[in-house]
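Sequence order for the protein chains is A and B. Our numbering numbers the first residue of the first sequence as 58 and each following residue consecutively. Our numbering numbers the first residue of the second sequence as 58 and each following residue consecutively. Remarks on the structure that follows.
There are 2 protein chains.
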Amino acid sequence: MKKTSKTKYSLGLDFGTNSVRALLVDVRTGRELATAIYNYESGQAGIILDPKNPNLARQNPADYLKGIEVSVGQTLAKAKRADKRFDPSQVIGVGIDTTGSTPIPVDKDGRPLCFDKEFKKNPNAMAWLWKDHTGFAEAAEITKLAAEEHPEYLAKCGGTYSSEWFFSKILHCLDADPKVFDAAWSWVECCDYIPAVLTGETRPDKILRGRCAAGHKAMFNEKWGGLPSKEFLTKLHPKLGALRDRLYSQTYTSDVAAGKLALPWAKKLGLPAGISVAVGAFDAHLGAVGSGVFPGTFVKIIGTSTCDICVWPNDQPLADIPGLCGIVDGSVLPATLGLEAGQSAVGDIFNWFIEYLQPGGPVKGSHEALTKKAAKLRPGQSGLLALDWNNGNRTILVDQRLTGLLIGQTLHTRSEEIYRALVEATAFGALTIIKRFEEYGVKIDEVIACGGISEKNPLVMQIYADVIGKEMKIARSAETCALGSAIAGAVVAGKEAGGYDKFSDAQAAMCGVKAKTFKPDLENHRIYVELYRLYRQLHDAFGTKEWSGSLYNVMKDLLALRDRQLTEKP
Amino acid sequence: MKKTSKTKYSLGLDFGTNSVRALLVDVRTGRELATAIYNYESGQAGIILDPKNPNLARQNPADYLKGIEVSVGQTLAKAKRADKRFDPSQVIGVGIDTTGSTPIPVDKDGRPLCFDKEFKKNPNAMAWLWKDHTGFAEAAEITKLAAEEHPEYLAKCGGTYSSEWFFSKILHCLDADPKVFDAAWSWVECCDYIPAVLTGETRPDKILRGRCAAGHKAMFNEKWGGLPSKEFLTKLHPKLGALRDRLYSQTYTSDVAAGKLALPWAKKLGLPAGISVAVGAFDAHLGAVGSGVFPGTFVKIIGTSTCDICVWPNDQPLADIPGLCGIVDGSVLPATLGLEAGQSAVGDIFNWFIEYLQPGGPVKGSHEALTKKAAKLRPGQSGLLALDWNNGNRTILVDQRLTGLLIGQTLHTRSEEIYRALVEATAFGALTIIKRFEEYGVKIDEVIACGGISEKNPLVMQIYADVIGKEMKIARSAETCALGSAIAGAVVAGKEAGGYDKFSDAQAAMCGVKAKTFKPDLENHRIYVELYRLYRQLHDAFGTKEWSGSLYNVMKDLLALRDRQLTEKP
Numbered sequence: 058m059k060k061t062s063k064t065k066y067s068l069g070l071d072f073g074t075n076s077v078r079a080l081l082v083d084v085r086t087g088r089e090l091a092t093a094i095y096n097y098e099s100g101q102a103g104i105i106l107d108p109k110n111p112n113l114a115r116q117n118p119a120d121y122l123k124g125i126e127v128s129v130g131q132t133l134a135k136a137k138r139a140d141k142r143f144d145p146s147q148v149i150g151v152g153i154d155t156t157g158s159t160p161i162p163v164d165k166d167g168r169p170l171c172f173d174k175e176f177k178k179n180p181n182a183m184a185w186l187w188k189d190h191t192g193f194a195e196a197a198e199i200t201k202l203a204a205e206e207h208p209e210y211l212a213k214c215g216g217t218y219s220s221e222w223f224f225s226k227i228l229h230c231l232d233a234d235p236k237v238f239d240a241a242w243s244w245v246e247c248c249d250y251i252p253a254v255l256t257g258e259t260r261p262d263k264i265l266r267g268r269c270a271a272g273h274k275a276m277f278n279e280k281w282g283g284l285p286s287k288e289f290l291t292k293l294h295p296k297l298g299a300l301r302d303r304l305y306s307q308t309y310t311s312d313v314a315a316g317k318l319a320l321p322w323a324k325k326l327g328l329p330a331g332i333s334v335a336v337g338a339f340d341a342h343l344g345a346v347g348s349g350v351f352p353g354t355f356v357k358i359i360g361t362s363t364c365d366i367c368v369w370p371n372d373q374p375l376a377d378i379p380g381l382c383g384i385v386d387g388s389v390l391p392a393t394l395g396l397e398a399g400q401s402a403v404g405d406i407f408n409w410f411i412e413y414l415q416p417g418g419p420v421k422g423s424h425e426a427l428t429k430k431a432a433k434l435r436p437g438q439s440g441l442l443a444l445d446w447n448n449g450n451r452t453i454l455v456d457q458r459l460t461g462l463l464i465g466q467t468l469h470t471r472s473e474e475i476y477r478a479l480v481e482a483t484a485f486g487a488l489t490i491i492k493r494f495e496e497y498g499v500k501i502d503e504v505i506a507c508g509g510i511s512e513k514n515p516l517v518m519q520i521y522a523d524v525i526g527k528e529m530k531i532a533r534s535a536e537t538c539a540l541g542s543a544i545a546g547a548v549v550a551g552k553e554a555g556g557y558d559k560f561s562d563a564q565a566a567m568c569g570v571k572a573k574t575f576k577p578d579l580e581n582h583r584i585y586v587e588l589y590r591l592y593r594q595l596h597d598a599f600g601t602k603e604w605s606g607s608l609y610n611v612m613k614d615l616l617a618l619r620d621r622q623l624t625e626k627p
Numbered sequence: 058m059k060k061t062s063k064t065k066y067s068l069g070l071d072f073g074t075n076s077v078r079a080l081l082v083d084v085r086t087g088r089e090l091a092t093a094i095y096n097y098e099s100g101q102a103g104i105i106l107d108p109k110n111p112n113l114a115r116q117n118p119a120d121y122l123k124g125i126e127v128s129v130g131q132t133l134a135k136a137k138r139a140d141k142r143f144d145p146s147q148v149i150g151v152g153i154d155t156t157g158s159t160p161i162p163v164d165k166d167g168r169p170l171c172f173d174k175e176f177k178k179n180p181n182a183m184a185w186l187w188k189d190h191t192g193f194a195e196a197a198e199i200t201k202l203a204a205e206e207h208p209e210y211l212a213k214c215g216g217t218y219s220s221e222w223f224f225s226k227i228l229h230c231l232d233a234d235p236k237v238f239d240a241a242w243s244w245v246e247c248c249d250y251i252p253a254v255l256t257g258e259t260r261p262d263k264i265l266r267g268r269c270a271a272g273h274k275a276m277f278n279e280k281w282g283g284l285p286s287k288e289f290l291t292k293l294h295p296k297l298g299a300l301r302d303r304l305y306s307q308t309y310t311s312d313v314a315a316g317k318l319a320l321p322w323a324k325k326l327g328l329p330a331g332i333s334v335a336v337g338a339f340d341a342h343l344g345a346v347g348s349g350v351f352p353g354t355f356v357k358i359i360g361t362s363t364c365d366i367c368v369w370p371n372d373q374p375l376a377d378i379p380g381l382c383g384i385v386d387g388s389v390l391p392a393t394l395g396l397e398a399g400q401s402a403v404g405d406i407f408n409w410f411i412e413y414l415q416p417g418g419p420v421k422g423s424h425e426a427l428t429k430k431a432a433k434l435r436p437g438q439s440g441l442l443a444l445d446w447n448n449g450n451r452t453i454l455v456d457q458r459l460t461g462l463l464i465g466q467t468l469h470t471r472s473e474e475i476y477r478a479l480v481e482a483t484a485f486g487a488l489t490i491i492k493r494f495e496e497y498g499v500k501i502d503e504v505i506a507c508g509g510i511s512e513k514n515p516l517v518m519q520i521y522a523d524v525i526g527k528e529m530k531i532a533r534s535a536e537t538c539a540l541g542s543a544i545a546g547a548v549v550a551g552k553e554a555g556g557y558d559k560f561s562d563a564q565a566a567m568c569g570v571k572a573k574t575f576k577p578d579l580e581n582h583r584i585y586v587e588l589y590r591l592y593r594q595l596h597d598a599f600g601t602k603e604w605s606g607s608l609y610n611v612m613k614d615l616l617a618l619r620d621r622q623l624t625e626k627p
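See the structure below:
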């Protein structure tokens, strides 16, 4: 009994695109005692889609709540099986990360509108998942107004306000479904909503909002007094200006507790009531924490999409970097700038190829079989080249109205060649981002990858190393996001409770990298330098207006025609 | 006995890419009494490939000879089953069409070199199939020299000498395998080789060479004294100059008999010895004859590739049309110019998508299933656009170093959408050719399609009608090439033997179109006009140097890198 009392655990909750994961971590060693996952039940793999509108992607917040119960319950049960001495009283803190920007329209009590009978089946009253792009026109509107009147708003988020972000979605709701907009007292990011639920205080004006979501997705910056000015939002729409008063003026980093675990949830979960719950942040940002991010380290969280995170000391000068998703003080670690970039689709592209391009339906084991065949190919051997824009381009073009491209196919082209070309395309996209960071003076000493693909697919990792020309390390934990959340839980619990006073101490104890790393093959790298030149040629031809040619219109015209054909009556 | 003696039959032999077909036709009505097909046994579906060189495509001439025996034997047997009164003595003539340019290196007796032990397994000693592109560098060399010294040579074949053609292949053999070149006394087109075999006179200096192959693929024109000058060929290579004397100086149209059916073959086949065998021509050209081509009719033979054929009265002026495969007096019908254009891959692209892009292997019924789903899509709805260059571009760019392109794919893109985009791409390619003809004053009153796809896939035909904006008719016969050959057989037999004295009389009796035609849907046509604008933008960007952008290099650089990676040692 004495011995076990010394071991303290922190619980990380990681809300992903299709599921939520709970992870119980020994705060002294980073040992992961138990984990469980709950797959959302609604829609298609947890995502509510609209066959008539490929831009729409929503989630049912009820899935989140059920997910907490199931995943935590299973995790605690597994922990007991793994270590008989384990007792839930050893859990000292809870941290939460979620996807984002995933805002939810809520009533005055903070209840999601879709929990109300009136809006039960209305996707606009649900969570607007990060990958929802319905607000692309509104994003352009916001970007245009900000460029004219408040360029400083854009300077910290890469020069373009994305359709994936907070205000694009809210403004689109105002345009597309004013009834829902009017019924919403406020909008709450998913990463703020979950801690609010657990601490028993969901009233929008009482919730502690995270710096991470606010700074990266809602143009929040203390320099200009928090959120964009009321005048600015009013120009977009008077009702949006009025909403500003019902949003927030303060934000918090994840070393701050959102509150204490409320009794009803403590009972429901079998955890001690009153333990600290950290302010929520995005999965990528806490994933970087769980990967051991510190200045000089570039963390790539490679999953369905990729998030790139690095940090930069507060006290060193840094220019605004065009095309980044955000530069936000404290969004990753306190006292450093959190820099975020990303690729809108990575694993999603590979999955798309496997699942949707086989006329007879997906074939089991295709990923493995294709990877095996693709591994035998030499760079350039297929004559193929692809652009990784099937879900738009987040960094460095910040343009959702871009699409995929495959070039070089002959009558001999095989599926494994296309599969490899798609992997290479995402690697070229990754290199484009790293080049942009370096061009603006960010020093990158090492790359640490984490996320499912980095764990499962050594071919992808080797291609990334060969394309990028840097050694790729893999974070030790298979669940860096949940681990990062658990680290936040350990920090908000504090040293006295058996946790830590600051992130760096917690990271030193709880993070690490695997022994196996991926070093660039110099001969392959040489070939990829040639291929990248061609990638960049297509990238600039189809993705930038500045380019001397005239292909910038092609993808956009095709999408406009598609949207017209999908909405017009036959 | 009296009645049957009145019915006369002609035999058409159609040597395609993967098989040979025999067709027995009632010369009075065009009724097709019996047909049989023999699939070549060598290589992959009759094509000898080289995994290290995707440009290589050869055939074993032994397959042709066995194919004659089997297909004719089965056809005669079927004819007897179909009509008890049928007797082989009623067959009055034989006509032959083959793919091309498909030259065969032969010895002094006209035996293919690969029939010799020494060269038995050497693909360079076999037939160089039309779709072999190994001579792409030599084609460029020939084009360059002709442009400098004999622009008239190029003016009749679209301004560029193709890697698919006679001299590119022979010159490449000289470069790549001089032993084979030196052993070859001459080179004979497949369409000249088969009649030579059947008439028992295979000696290269005695064979009657067809105008069609010579004019379209070997720059033969009486205006400049037949084949390109000895000086010209010598500049390419002295040995090529020397070869000219062992080629030919006279050519013949298919209303001329190559000779009489020799006794050994008559016995082998069970046909009357001494019946007339027509001078051979290419499948497309005799296919156009079988479709009822005459001035004002544009015939599209849609199969693995597409050949476009029309004719123009000899006595009316016609400019040289850049990008065409050829303008050759008498290559289709006597006393008219035969105009040929084409797309290097059409059905091949659809087959490629079905057979090779399914990671789990081809799924039975995929064509039908995809067609059914694709038919439900509206033009433009998928947001996809493709270039139909998986096998290069024959007309109007005459550039084999071009490759496929697919643009517009998202994470929602499905296989049926890509399938439809590929069909549309070939339709846009078809439209580009028709526009080129019309720009240069060729009047096109009607389009008649024939070939497997026009028979089997009404969706493809409707999309072609919608894209091209003209009514598409379908030739009555499912085997227009073999029918065209049979028509040539009936013409060389002559009126006295129960045949005809000229093609127009034979066509009037033996050809027709189906009742079902495909009329353009004007609303779809309107959308396709928009899509074609984008197709043309990509076409010009990637396919022409003149274009202001700089993407002309992309496909070529990728192919050069591919070829280097395939040939360099790992």
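Ideal Cβ placement from N, Cα and C applies to all residues, glycine included. Model, not experiment: these values are computed from the prediction.
The beta strand (DSSP E) with residue i in it runs from where to where?
i, result
"A/E246", "243–246"
Residues of chain C with a CB under 7 Å from the CB of residue i: which are they?
i, result
"A/E587", "This model lacks chain C altogether; the protein chains it does include are A and B."
For residue i, count neighbouring Cβ atoms within 10 angstroms of its own Cβ and tell me buried if that reaches 16, exposed if not.
i, result
"B/M58", "Any reading at B/M58 needs caution, since the residue's pLDDT is 39, under 50, leaving its predicted position unreliable; the model's value is listed next. Counting Cβ neighbours within 10 Å, B/M58 comes out exposed, since fewer than 16 surround it."
"B/G69", "buried"
"A/L320", "exposed"
"A/K177", "exposed"
"A/T61", "Note that A/T61 scores a pLDDT of 43, beneath 50, so its modelled location is shaky and nothing firm can be said."
"A/L442", "buried"
"A/N371", "exposed"
"A/T92", "buried"
"B/V77", "buried"
"B/K65", "buried"
"A/K63", "exposed"
In the DSSP assignment, what are the bridge partners of residue i?
i, result
"A/R115", "A/I105, A/W185"
"B/K602", "DSSP output for B/K602 lists no bridge partner at all."
"A/R78", "A/D71, A/I94"
"B/F651", "Outside the displayed span of chain B (58 to 627) sits residue 651 of chain B, for which this structure offers no information."
"A/F355", "A/V504"
"A/A532", "A/V570"
Roughly how far, in whole angstroms, is the beta-carbon of residue i from the beta-carbon of residue j, given that I think they are within contact range, below 8 Å?
i, j, result
"B/K387", "B/G395", "Looking at the sequence shown, residue 387 of chain B is not Lys but Gly. Contact holds; Cβ gap of about 7 Å."
"A/L381", "A/L293", "Actually they do not touch by this definition, with Cβ atoms about 23 Å apart."
"A/T483", "A/I406", "7 Å"
"B/I275", "B/S311", "Looking at the sequence shown, residue 275 of chain B is not Ile but Ala. That pair is no contact at about 17 Å."
Three or more C-beta pairs below 8 Å linking the region 557–567 of chain B and the region 612–627 of chain B: no
Touching by the beta-carbon criterion (3+ pairs, under 8 Å), the region 251–271 of chain A and the region 305–325 of chain A: yes
Touching by the beta-carbon criterion (3+ pairs, under 8 Å), the region 139–153 of chain A and the region 96–107 of chain A: no
The region 124–133 of chain A in contact with the region 177–187 of chain A per 3-pair CB rule at 8 Å: no
Touch test, the region 516–533 of chain A against the region 474–490 of chain A, Cβ-Cβ under 8 Å, three pairs minimum: yes
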